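S.K.:
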Amino acid sequence: MKGILLTCAMCFLTRTDAKDLPVQWEWRANPDQWIPYDLASSSELEDSYQRRKTVIYPKQGYFASTADRYEVRFNYSTGRFQQHNLSSGGTRRVRRIGNDDNSILQPVAIEQVSSEDSCIICLDSFQDSNSASIDQQVVKLPPCRGHYFHRSCVAAAIKLKDECPMCKKKLDY
Ligand SMILES: *[C@@H]1O[C@H](CO)[C@@H](O)[C@H](O)[C@H]1NC(C)=O
Ligand SMILES: *[C@@H]1O[C@H](CO)[C@@H](O)[C@H](O)[C@H]1NC(C)=O
Ligand SMILES: [Zn+2]
Ligand SMILES: [Zn+2]
């Protein structure tokens, strides 16, 4: 629990801490802003997601102080997740940004990448995906064409900012 004392009182987590985690869970505060959950809430959501739970009443982290006031629903066929405030009836979208997620980090065949292309985040060139580690795989983001990155580089970037690091298009997912 010691990490929580060092973090923002509003969101429990600094965005820079979050970028190195393999998975980040966020809720949509308004149409332009996704806010990461604190570590404990996030790991409860991830655990439920891994177990393919469809409804949970979360109790960890932020939710510890609001016991039984929230319900989170996971719809795996649509990939849409929602948090319901049971006191107000309000609903917020919830999303998962996982380094392992191919719907956000879309794999690109090395043949599609020109030999002059390199990852603008780390500036290293791309390697053949057969020999590259999963982190070094070439990926693109859903709104873009022709903007390529290493999987782990862009995963870290989008956890800090909800946009393509090259063209600044918002990630609408
Ligand atoms: C998931 O969403 C679809 C489309 O809205 C809906 O038809 C389906 O019943 C939902 N599944 C669950 C388990 O809620
Ligand atoms: C949930 O609803 C209650 C009652 O309306 C409200 O006081 C609380 O701020 C709401 N929580 C959020 C996160 O919107
Ligand atoms: Zn890179
Ligand atoms: Zn782009």
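Numbers -18 to -1, 1 to 155, taken from mature numbering (1 follows the signal peptide of the UniProt record, and there is no 0), label the letters of the sequence shown in order.
Where a beta carbon is used, it is the ideal one built from N, C-alpha and C, also for glycine.
Because the structure is a prediction, the values reported are computed rather than measured.
Alpha carbon to alpha carbon, how far is I38 from D99?
M.R.: Taking the sequence shown and counting its residues from 1, the one referred to as residue 38 is at position 56. Taking the sequence shown and counting its residues from 1, the one referred to as residue 99 is at position 117. Each residue's alpha carbon lies about 44 Å from the other.
S.K.: Please confirm if G71 has its CB atom under 7 Å from at least one CB of chain B.
M.R.: Absence of chain B from the displayed structure is noted, only one protein chain being present.
S.K.: What does the shell around ligand 4 hold, if a residue joins when its beta-carbon is under 6 Å from any heavy atom?
M.R.: Here the residues come out as C126, H129, C146, M148, C149, K151.
S.K.: Near S23, what residues of its chain come up, given a Cβ to Cβ distance below 8 Å and the 5 sequence neighbours on each side ignored?
M.R.: Position 41 of the sequence shown, counted from the first residue, corresponds to residue 23. Answer for S23: F(-7), W7, P40, Q42, G43, Y44, F45, listed in chain order.
S.K.: Can you tell me whether Q109 is helix, strand or coil according to DSSP?
M.R.: Taking the sequence shown and counting its residues from 1, the one referred to as residue 109 is at position 127. Of the three classes helix, strand and coil, the one that applies to Q109 here is coil, per DSSP.
S.K.: Return the bridge partner residues of H66 from the DSSP annotation.
M.R.: Here residue 66 refers to the residue found at position 84 of the sequence shown. Looking at the DSSP assignment, H66 forms a beta bridge with E53, T73.
S.K.: Measuring CA to CA, which of R34, S69, S107, D14 is closest to R51?
M.R.: Taking the sequence shown and counting its residues from 1, one reaches residue 51 at position 69. Taking only the C-alpha atoms, the option nearest R51 is S69.
S.K.: Do you know how far the Cα of P18 is from the Cα of T(-12)?
M.R.: Position 7 of the sequence shown, counted from the start, is the residue given in the question as residue -12. Position 36 of the sequence shown, counted from the start, is the residue given in the question as residue 18. For T(-12), the pLDDT reaches just 44, beneath the cut-off of 50, and the residue's location in the model is therefore unreliable, leaving the point undetermined.
S.K.: Report buried or exposed for A137, applying the criterion of at least 16 other Cβ atoms within 10 angstroms of its Cβ.
M.R.: As a first step, residue 137 must be located in the sequence shown, where it is residue number 155. A137 comes out buried.
S.K.: Determine, using beta carbons only, whether V95 and Y58 come nearer to each other than 7 Å.
M.R.: Against the sequence shown, residue 95 aligns to sequence position 113. Against the sequence shown, residue 58 aligns to sequence position 76. No. Outside cutoff.
S.K.: Comparing the CB of residue 221 with every heavy atom of ligand 1, is any distance shorter than 6 Å?
M.R.: As shown, the chain starts at -18 and ends at 155. That puts residue 221 outside it, with no answer to give.
S.K.: Using the beta carbon as the reference atom, which residues fall closer than 7 Å to any heavy atom of ligand 3, ordered along the chain?
M.R.: C101, I103, C104, D106, F131, H132, C135
S.K.: Answer with buried or exposed for E93, where buried requires no fewer than 16 other C-beta atoms within 10 angstroms of its C-beta.
M.R.: The count along the sequence shown starts at 1 and reaches residue 93 at position 111. Exposed, since its Cβ has fewer than 16 Cβ neighbours within 10 Å.
S.K.: Is T73 a contact residue of ligand 1, with contact defined as CB to any heavy atom under 6 Å?
M.R.: For this step, residue 73 is matched to residue 91 along the sequence shown. No, since every heavy atom of ligand 1 falls outside the 6 Å radius drawn around the Cβ of T73.
S.K.: Determine the closest residue to Q118 out of V5, Q109, G80, with distance taken between C-alpha atoms.
M.R.: Within the sequence shown, the letter at position 136 stands for residue 118. Nearest of V5, Q109, G80 to Q118, Cα basis: Q109.
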